[in-house]
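This report concerns only the one structure given below.
Protein chains: 2
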Amino acid sequence: MREVDIVGVGITPFGKRRDTSLRSLAADAMTAAIADAGLVAGDIGLLVSGNAMAGVLTGQEMIRGQVAATEAGLAAVPVLNVENACTSSSSAVHVALAAIRSGMYDTVLVCGAEKMTGLPTQTVLDAMTSGADIERIPEVTRELTGTDKVESFFMAVYAEMTRAYQERSGATPEDLADVAVKNSAHGALNPNAQYRRALSRDEVLAARLVAPPLTTLMCSPIADGAAALVLRAADRGNSGRAPVRIRACALGSGVPGAGAPAIPLERRTAEAAYAEAGVGPEDLDVVEVHDAASPNELIMYEELGLCGAGEGPKLLASGATSLGGRVPVNPDGGLVSRGHPVGATGCAQLVELVTQLRGRAGERQVSGARIGLAENAGGYLHPDPAACTVTILAGAGA
Amino acid sequence: MREVDIVGVGITPFGKRRDTSLRSLAADAMTAAIADAGLVAGDIGLLVSGNAMAGVLTGQEMIRGQVAATEAGLAAVPVLNVENACTSSSSAVHVALAAIRSGMYDTVLVCGAEKMTGLPTQTVLDAMTSGADIERIPEVTRELTGTDKVESFFMAVYAEMTRAYQERSGATPEDLADVAVKNSAHGALNPNAQYRRALSRDEVLAARLVAPPLTTLMCSPIADGAAALVLRAADRGNSGRAPVRIRACALGSGVPGAGAPAIPLERRTAEAAYAEAGVGPEDLDVVEVHDAASPNELIMYEELGLCGAGEGPKLLASGATSLGGRVPVNPDGGLVSRGHPVGATGCAQLVELVTQLRGRAGERQVSGARIGLAENAGGYLHPDPAACTVTILAGAGA
Numbered sequence: 001m002r003e004v005d006i007v008g009v010g011i012t013p014f015g016k017r018r019d020t021s022l023r024s025l026a027a028d029a030m031t032a033a034i035a036d037a038g039l040v041a042g043d044i045g046l047l048v049s050g051n052a053m054a055g056v057l058t059g060q061e062m063i064r065g066q067v068a069a070t071e072a073g074l075a076a077v078p079v080l081n082v083e084n085a086c087t088s089s090s091s092a093v094h095v096a097l098a099a100i101r102s103g104m105y106d107t108v109l110v111c112g113a114e115k116m117t118g119l120p121t122q123t124v125l126d127a128m129t130s131g132a133d134i135e136r137i138p139e140v141t142r143e144l145t146g147t148d149k150v151e152s153f154f155m156a157v158y159a160e161m162t163r164a165y166q167e168r169s170g171a172t173p174e175d176l177a178d179v180a181v182k183n184s185a186h187g188a189l190n191p192n193a194q195y196r197r198a199l200s201r202d203e204v205l206a207a208r209l210v211a212p213p214l215t216t217l218m219c220s221p222i223a224d225g226a227a228a229l230v231l232r233a234a235d236r237g238n239s240g241r242a243p244v245r246i247r248a249c250a251l252g253s254g255v256p257g258a259g260a261p262a263i264p265l266e267r268r269t270a271e272a273a274y275a276e277a278g279v280g281p282e283d284l285d286v287v288e289v290h291d292a293a294s295p296n297e298l299i300m301y302e303e304l305g306l307c308g309a310g311e312g313p314k315l316l317a318s319g320a321t322s323l324g325g326r327v328p329v330n331p332d333g334g335l336v337s338r339g340h341p342v343g344a345t346g347c348a349q350l351v352e353l354v355t356q357l358r359g360r361a362g363e364r365q366v367s368g369a370r371i372g373l374a375e376n377a378g379g380y381l382h383p384d385p386a387a388c389t390v391t392i393l394a395g396a397g398a
Numbered sequence: 001m002r003e004v005d006i007v008g009v010g011i012t013p014f015g016k017r018r019d020t021s022l023r024s025l026a027a028d029a030m031t032a033a034i035a036d037a038g039l040v041a042g043d044i045g046l047l048v049s050g051n052a053m054a055g056v057l058t059g060q061e062m063i064r065g066q067v068a069a070t071e072a073g074l075a076a077v078p079v080l081n082v083e084n085a086c087t088s089s090s091s092a093v094h095v096a097l098a099a100i101r102s103g104m105y106d107t108v109l110v111c112g113a114e115k116m117t118g119l120p121t122q123t124v125l126d127a128m129t130s131g132a133d134i135e136r137i138p139e140v141t142r143e144l145t146g147t148d149k150v151e152s153f154f155m156a157v158y159a160e161m162t163r164a165y166q167e168r169s170g171a172t173p174e175d176l177a178d179v180a181v182k183n184s185a186h187g188a189l190n191p192n193a194q195y196r197r198a199l200s201r202d203e204v205l206a207a208r209l210v211a212p213p214l215t216t217l218m219c220s221p222i223a224d225g226a227a228a229l230v231l232r233a234a235d236r237g238n239s240g241r242a243p244v245r246i247r248a249c250a251l252g253s254g255v256p257g258a259g260a261p262a263i264p265l266e267r268r269t270a271e272a273a274y275a276e277a278g279v280g281p282e283d284l285d286v287v288e289v290h291d292a293a294s295p296n297e298l299i300m301y302e303e304l305g306l307c308g309a310g311e312g313p314k315l316l317a318s319g320a321t322s323l324g325g326r327v328p329v330n331p332d333g334g335l336v337s338r339g340h341p342v343g344a345t346g347c348a349q350l351v352e353l354v355t356q357l358r359g360r361a362g363e364r365q366v367s368g369a370r371i372g373l374a375e376n377a378g379g380y381l382h383p384d385p386a387a388c389t390v391t392i393l394a395g396a397g398a
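Protein chains in written order, with the UniProt record's numbering: chain A, 1 to 398; chain B, 1 to 398.
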């Protein structure tokens, strides 16, 4: 298959960007990515735009990518709009990769963007439920919580996953909090992170309970932001910048109900990505995982094969996944500290990996990073997520 | 590039399907397409789902394809959700084609579906405006109509295009009506069409004016429906069915405002498709065009090169584009008679072409059809549509 590189990245600061529109966020990220690639608008053959919520939040459905493209001076570039809940923009990367490998395009821009602030919090939380089968939400809510109404459907889901994980691993509330502590320290080193203050374990545990055992400081915040990548066929040259090779981008979808496989979707997808890339968990230097709630990072350690079953808390406590450790996870702060503008997260994870693999991550640089992996899950079909991608990138030295 | 065939098609009856849900419509079409291909669910490597409006109409955004896949017994098949206004499901075909040409997948299911009835008409018409840049709608409405409020934004757009076309071509109201007359006669032969009664010119002209010169009988109706295609690499064999080769599937996006090229998006996209397929308009045996309003078919005759500038009415009057003529256009009734469930239309056009190229179109068969073209435009950026695909298919004898 034709080899494909990421030759440019762009990202906006994440957080509450009250005076900035969705289209403007997306345009900023796209413009930065094209400039970083040393290219110009006319070099872009296709834009694949990932957004999850603008249809329900703003009424701008159908042509979100075209609207952003116009804002960025990219009108006339063919546009595909891709949606896959929290996995929207890494799914867009999957499409872009196919588009280049097919020979139909040489250079493809991918942008993930989301604008969530400026609306009542409950409106946003309700809109998030469209990442689940809306006809099954009452039934799933009752099954998970024994009640009919929850503050946040998705945090109720993550709380239940966390409780099940605690049962099988013995993880303590302190273990759960320590994920947030680690990632807040990472986020403090990331100029684009929504939260840049290192938290203490006590602070995390003392914060308001959203869905036991999750406190607010273990939950990804409502955020605005955008991130973009330029993908280019390796046979077209790398326009002088440090290219990062896409070694795999596996896409999976979940199975609802009793028919769901015993192996979770994230592990199934990771196994496909490892096979495609010809690497294993022992080869990874830096990892991004989808910690929409902090404890999920412990679960992902196990599903990605970074440690054995039940060993998540031990791996965390060893410092292996902290900056300076053997395989730092979420060096940019992850979803909880960097922020989680839903449609932007998949691209944001890859922007971080590229930055690390190029050796340009400044204070949060993972020394000698050559191979990175990003896991990005989205939506919920009970018990599986609705979608998952696992992407493996390799820097120039790998 | 790897050759790709359409090896199976499925379509539901179009119309007011009040007791049928979006997921059920999609599942029916997908199940039929897989069976038509002589395949089973386990053969499908990827589902690309096209829908335009469910996010704003029902709140089910983000994972519409997964919900439909579950209904169809396709859970666990990786899903990509693609949106591009009225061009959604042909854009999904573009993605599927890239996915197979890339070597990442061998067999890809594409489904376009929309559920528009069961809601107040004005709600649906308002939702349609999300196919335009919602921030520019007041400005564009005023520029097109001189007023602030119109019954249907898109019919106001088509009315303005029609008036401009009449000025440059001399097309009369009777010419405009005759498109609807022809297509209603075609639709009468299509068991899946929403309207199956041949109309007279007088009826069409006497119907209620929606936006002058368009009467209701020149406007595509609100409809429910779904259509699906199975695409498969030619090197994987055709599972015993009559395969139809995809010779081109070009995707373009529009340019708003004064920067728009003098050549309309549909012509630019058609030229790209002709170049890719190595055929010209003179090679076409059967054509589907996006007649969201009937007069647009006359404009498309010219943009696709079926006749010269200003010759649309003459071509229509000659009978060349009627069944039995040299190059029948919209043999299934087109958007106005077949119905226009927005996200389904792109696939529905291709289902019709495949049916024709296989020689299985029954009473509406185009004799000896070997090469077909479908033009599918969507959304509006003023003056260009937001998106356009032109797909060229070739039957076994071509």
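We treat Cβ as the ideally placed atom computed from N, Cα and C, and that holds for glycine.
These figures come from a predicted structure and were not determined experimentally.
Discussion item. Quick check: is the beta carbon of B:ASN81 nearer than 8 Å to any beta carbon in chain A?
Written reply: Start at 1 with the first residue of the second sequence, and residue 81 of chain B comes out as number 81. So, interface residue.
Worksheet item: Quick one, are the C-beta atoms of B:GLY254 and B:PRO120 less than 8 Å apart?
Response: Sequence index remark: in the second sequence, residue 254 of chain B carries index 254 (1-based). Sequence index remark: in the second sequence, residue 120 of chain B carries index 120 (1-based). No, the Cβ-Cβ distance between B:GLY254 and B:PRO120 is not below 8 Å.
Item to complete: List the residues of chain B that A:ALA75 touches, going by C-beta distances under 7 Å, in chain order.
Response: In the first sequence, counting from the first residue as 1, residue 75 of chain A sits at position 75. Those are VAL255, PRO256 and GLY259, listed as they occur along chain B.
Worksheet item: Since residue 406 of chain A is in the alpha helix (DSSP H), which residue starts that stretch and which ends it?
Response: This structure leaves residue 406 of chain A out entirely; chain A is present only between 1 and 398.
Item to complete: Counting only the same chain and skipping the five closest in sequence on each side, list residues whose C-beta sits under 6 Å from that of A:PHE153.
Response: As a working mapping, residue 153 of chain A is identified with position 153 in the first sequence. The residues THR129, in chain order, have a CB closer than 6 Å to that of A:PHE153 in the same chain once the five nearest residues on each side in sequence are set aside.
Discussion item. Mapping the DSSP letters down to three states, classify A:ASN296 as helix, strand or coil.
Written reply: Taking the first sequence and counting its residues from 1, one reaches residue 296 of chain A at position 296. A:ASN296 falls in the helix class under three-state DSSP.
Item to complete: Look at A:VAL110 and A:CYS347 and say whether their C-beta atoms are less than 8 Å apart.
Response: On the first sequence, residue 110 of chain A is found 110 positions in, with the first residue counted as 1. On the first sequence, residue 347 of chain A is found 347 positions in, with the first residue counted as 1. The beta carbons of A:VAL110 and A:CYS347 sit closer together than 8 Å.
Worksheet item: Hey, A:LEU80 and A:GLY65: beta-carbon distance below 8 Å or not?
Response: The residue you call residue 80 of chain A lines up with position 80 of the first sequence. The residue you call residue 65 of chain A lines up with position 65 of the first sequence. Yes, the Cβ-Cβ distance between A:LEU80 and A:GLY65 is below 8 Å.
Discussion item. Helix, strand or coil, according to DSSP, for A:GLU139 in the structure here?
Written reply: As a first step, residue 139 of chain A must be located in the first sequence, where it is residue number 139. Reduced to three states, the DSSP call for A:GLU139 is helix.
Worksheet item: In this structure, what does DSSP give as the bridge partners for B:LEU231?
Response: Position 231 of the second sequence holds residue 231 of chain B. DSSP lists B:ILE6 and B:VAL108 as partners of B:LEU231.
Discussion item. Taking 8 Å as the limit between beta carbons, can you name the residues of its chain near A:PRO78, skipping five residues before and five after?
Written reply: The residue labelled residue 78 of chain A in the question sits at position 78 within the first sequence. If the five residues before and after A:PRO78 are omitted, its C-beta is found closer than 8 Å to the C-beta atoms of GLY45, LEU46 and LEU47, all from its own chain and listed in chain order.
Discussion item. Considering only their Cβ atoms, is the gap separating A:GLY319 from A:ILE299 smaller than 8 Å?
Written reply: Position 299 of the first sequence, counted from the first residue, corresponds to residue 299 of chain A. Position 319 of the first sequence, counted from the first residue, corresponds to residue 319 of chain A. Cβ distance not < 8 Å, so A:ILE299 and A:GLY319 don't count as in contact.
Fill in: Spatial distance of A:GLN349 from B:ARG364 (CA atoms)
Within the first sequence, residue 349 of chain A is the residue found at index 349, counting from 1. Within the second sequence, residue 364 of chain B is the residue found at index 364, counting from 1. A direct Cα-to-Cα measurement between A:GLN349 and B:ARG364 gives close to 53 Å.
Practice prompt. Can you tell me which of the three DSSP states B:TYR195 falls into?
Written response: As a first step, residue 195 of chain B is located in the second sequence; it is residue number 195 there, counting from the start. Looking at B:TYR195 - three-state DSSP - the assignment turns out to be coil, as it is neither helix nor strand.
Practice prompt. Could you please give me the residues that DSSP links to A:ILE392 through a beta bridge?
Written response: Stepping through the first sequence from its first residue, residue 392 of chain A is reached at position 392. Per DSSP, the beta-bridge partners of A:ILE392 are A:ALA248 and A:LEU373.
Discussion item. 8 Å is my cut-off, CB to CB: does B:GLY59 come that close to chain A?
Written reply: On the second sequence, position 59 is the one that residue 59 of chain B refers to. At least one CB atom of chain A sits nearer than 8 Å to the CB of B:GLY59.
Item to complete: Note down the Cα distance separating A:PRO212 from A:TYR165, rounded to an integer number of angstroms.
Response: Taking the first residue of the first sequence as position 1, residue 212 of chain A is located at position 212. Taking the first residue of the first sequence as position 1, residue 165 of chain A is located at position 165. One C-alpha to the other measures close to 13 Å.
Fill in: Element boundaries [beta strand (DSSP E), containing A:GLU288]
Sequence index remark: in the first sequence, residue 288 of chain A carries index 288 (1-based). Residues 286–288.
Worksheet item: Three-state secondary structure (DSSP) at B:CYS347?
Response: On the second sequence, position 347 is the one that residue 347 of chain B refers to. Three-state result, B:CYS347: helix.
Worksheet item: Who are the neighbours of B:ASP148 on chain A, taking C-beta pairs under 7 Å?
Response: The residue labelled residue 148 of chain B in the question sits at position 148 within the second sequence. Below the 7 Å Cβ cutoff, chain A contributes no neighbours of B:ASP148, its closest Cβ being approximately 18 Å away.
Worksheet item: Between the Cα of A:GLY368 and the Cα atoms of A:CYS388, A:TYR380, A:GLY324 and A:HIS186, which residue gives the shortest distance?
Response: By 1-based counting over the first sequence, the position of residue 368 of chain A is 368. Ranking A:CYS388, A:TYR380, A:GLY324 and A:HIS186 by Cα distance to A:GLY368 puts A:GLY324 first.
Discussion item. Is B:ARG101 close to chain A? Criterion is C-beta to C-beta, closer than 8 Å.
Written reply: If you number the second sequence from 1, residue 101 of chain B lands on position 101. The C-beta of B:ARG101 comes closer than 8 Å to at least one C-beta of chain A.
Worksheet item: Taking 8 Å as the CB-CB limit, is B:ASN84 close to chain A?
Response: By 1-based counting over the second sequence, the position of residue 84 of chain B is 84. At least one chain A Cβ lies under 8 Å of B:ASN84.
Practice prompt. List the residues of chain B whose Cβ lies closer than 7 Å to the Cβ of A:VAL67, in chain order.
Written response: As a working mapping, residue 67 of chain A is identified with position 67 in the first sequence. Per Cβ cutoff of 7 Å: ASP133.
Discussion item. Closer than 8 Å between beta carbons: that is the criterion. Which residues of the stretch 360–390 of chain A meet it against chain C?
Written reply: Absent from the structure: chain C. Protein chains present are A and B.
Worksheet item: Which whole-angstrom value describes the C-beta separation of B:ALA33 and B:GLY15, a residue pair presumed to lie in contact below a C-beta threshold of 8 Å?
Response: Within the second sequence, the letter at position 33 stands for residue 33 of chain B. Within the second sequence, the letter at position 15 stands for residue 15 of chain B. Not quite, the Cβ-Cβ distance comes to about 20 Å (not below 8 Å), so this is no contact.
Worksheet entry | Outcome for A:SER322 when other beta-carbon atoms lying within 10 angstroms are tallied against a minimum of 16 | Start at 1 with the first residue of the first sequence, and residue 322 of chain A comes out as number 322. Around the C-beta of A:SER322, 16 or more other C-beta atoms lie within 10 Å, and the residue is accordingly described as buried.
Practice prompt. Express the C-alpha separation of A:ALA344 and A:ALA226 in angstroms, rounding to a whole number.
Written response: Counted from its first residue, the first sequence places residue 226 of chain A at position 226. Counted from its first residue, the first sequence places residue 344 of chain A at position 344. Distance between A:ALA226 and A:ALA344, taken at the CA atoms: about 5 Å.
Item to complete: Indicate whether B:GLY333 and B:GLY187 have their beta-carbon atoms separated by less than 8 Å.
Response: Along the second sequence, one-based indexing puts residue 333 of chain B at 333. Along the second sequence, one-based indexing puts residue 187 of chain B at 187. The answer is yes: Cβ separation under 8 Å.
Worksheet entry | B:SER184 and B:ALA171 closer than 8 Å at C-beta | Position 184 of the second sequence holds residue 184 of chain B. Position 171 of the second sequence holds residue 171 of chain B. Taking the C-beta atoms as reference points, B:ALA171 is found no nearer than 8 Å to B:SER184.
Discussion item. Less than 8 Å between the beta carbons of B:LYS115 and B:ALA177, yes or no?
Written reply: As a position in the second sequence, residue 115 of chain B is number 115, starting the count at 1. As a position in the second sequence, residue 177 of chain B is number 177, starting the count at 1. In this structure, B:ALA177 does not lie closer than 8 Å to B:LYS115 by Cβ.
Fill in: Residue closest to B:ALA72, alpha-carbon to alpha-carbon, out of B:HIS94, B:ALA35, B:LYS314 and B:ALA293
Taking the second sequence and counting its residues from 1, one reaches residue 72 of chain B at position 72. Checking every option, the nearest Cα to that of B:ALA72 belongs to B:ALA35.
Worksheet item: Hey, does A:GLY319 have any beta-carbon neighbour from chain B nearer than 8 Å?
Response: In the first sequence, the residue the question calls residue 319 of chain A occupies position 319. No, no contact with chain B.
Discussion item. Using the three-state DSSP reduction, which class does A:SER24 fall into: helix, strand or coil?
Written reply: Here residue 24 of chain A refers to the residue found at position 24 when the first sequence is read from its first residue. Helix.
Item to complete: Give me the Cα-Cα distance between A:GLU135 and A:LYS149, rounded to the nearest whole angstrom.
Response: For the purposes of this step, residue 135 of chain A is taken as residue 135 along the first sequence, with counting starting at 1. For the purposes of this step, residue 149 of chain A is taken as residue 149 along the first sequence, with counting starting at 1. Linking A:GLU135 to A:LYS149 through their CA atoms gives a straight-line distance of about 15 Å.
Worksheet item: Between which two residues does the alpha helix (DSSP H) harbouring B:ASN183 extend?
Response: Here residue 183 of chain B is taken as the residue at index 183 of the second sequence, counted from 1. Start and end: 173–187.
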